[in-house]
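Taking my numbering, the leading residue of the sequence shown gets 110, the next gets one more, and so forth.
Cβ coordinates follow ideal geometry from the N, Cα and C atoms, glycine included.
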Amino acid sequence: HHYLIFDLVTGGELFEDIVAREYYSEADASHCIQQILEAVLHCHQMGVVHRDLKPENLLLASKLKGAAVKLADFGLAIEVEGDQQAWFGFAGTPGYLSPEVLRKDPYGKAVDLWACGVILYILLVGYPPFWDEDQHRLYQQIKAGAYDFPSPEWDTVTPEAKDLINKMLTINPSKRITAAEALKHPWISHRATVASCMHRQETVDCLKKFNARRKLKGAILTTMLATRNFSGRCRLWFPLLRAELGRAATVGLKLQLGALGRW
């Protein structure tokens, strides 16, 4: 018999924890993205690309204050050799997809850094850099890298934070910052002297609305899937589902063994 032992993660979603806090600052956002980047770096060092980094997959280890951030849901993860790039298929969540995936270009580890840039943007102001109800227009925005830092919400964000976002949301993946480089960025490595400690109430308020919208979308999707008639497709989908679960388990085992070897 073979047994896999995984962490018990009981703290819920990171974004839900943030909106429940009495105090949340740019420095807190820096600490959050640092932990995410550390997890991404470990994955990349083990030859694993997550491909679906988003708020729903950022969990807290426990309900204790200061609990560690954990990456979850490796169902779309792939294994790569070094800096290998190839067309691994269209995978991910619309608002977090990178330009190279949308162009159907060869891609690799850099797709995770693009998603980290989107997450960091949301962590700082409570809404995403790319948004449109029409998916085609959303994808056009992403491929063009069409985002900005509008007033007044971005006026109180430090230039260093914006610089890190710009380096993550670089259209050319070969010029995009890596996880290791991002962790050395002054906004993270010198957080105490660079990142603002001012409470960001407007960010918290926007995050509450953002959380509510994505929860509603998730509930609608779940209802649609539950009410569909799958009877004619069962024979097709079940083998594919088993294959996906098997691949996710393989990737999870590799990361677990890598963690044991590293720590």
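F115 and A176 have their C-alpha atoms some 17 Å from each other. Contact check for R285 and W223: beta-carbon distance about 7 Å, within the 8 Å limit, so the pair qualifies.
K271: member of the alpha helix (DSSP H) spanning P268 to M277, first to last residue. Contact annotation: G235 and L123 have beta-carbon atoms that are not nearer than 7 Å. Per DSSP, K252 lies in no beta strand (DSSP E) segment; the continuous alpha helix (DSSP H) that holds it begins and ends at Q244 to A253.
With contacts defined as CB atoms closer than 7 Å, E269 and V303 qualify as a contacting pair. Contact annotation: I142 and L229 have beta-carbon atoms nearer than 7 Å. Taking all protein chains shown into account, E135 has 16 or more neighbouring C-beta atoms within 10 Å of its C-beta and is therefore buried. Just measuring C-alpha positions, the residue of T312, G204 and F197 sitting nearest D241 is G204. Within the stretch 153-192, the runs of beta strand (DSSP E) that reach at least 3 residues and sit entirely inside it are, in chain order, 167-169 and 178-180.
Cβ-Cβ distances below 7 Å link Y248 to L211 in the same chain, with the five nearest sequence neighbours on each side left out; the list follows chain order. Taking the C-beta atoms as reference points, V266 is found no nearer than 7 Å to V128. Relative to E209, the option among I280, K174 and R160 whose CA is nearest is I280.
Annotation for A291: the continuous alpha helix (DSSP H) segment containing it runs A288 to L292. With respect to the 7 Å criterion, A288 and L117 are not classified as neighbours on the basis of their beta carbons. Note on geometry: alpha-carbon atoms of E290 and D272 lie some 13 Å from one another. Leaving aside the five residues that flank F197 on each side, the residues in its chain whose CB is nearer than 6 Å to its CB run, in chain order, I187.
By the neighbour-count criterion, in which a residue is buried when 16 or more other Cβ atoms sit within 10 angstroms of its Cβ, M307 is exposed.
Taking all protein chains in view, the Cβ of P164 is crowded by 16 or more other Cβ atoms within 10 Å, so the residue is classified as buried. By the neighbour-count criterion, in which 16 or more other beta carbons inside 10 Å mark a residue as buried, P259 falls on the exposed side. Judged by their CB atoms, H153 and K218 are nearer to each other than the 7 Å cut-off.
Only residues of its own chain outside the window of five on either side were considered, and among them P215, Y216 and G217 have a CB closer than 7 Å to the CB of Q194, listed in chain order.
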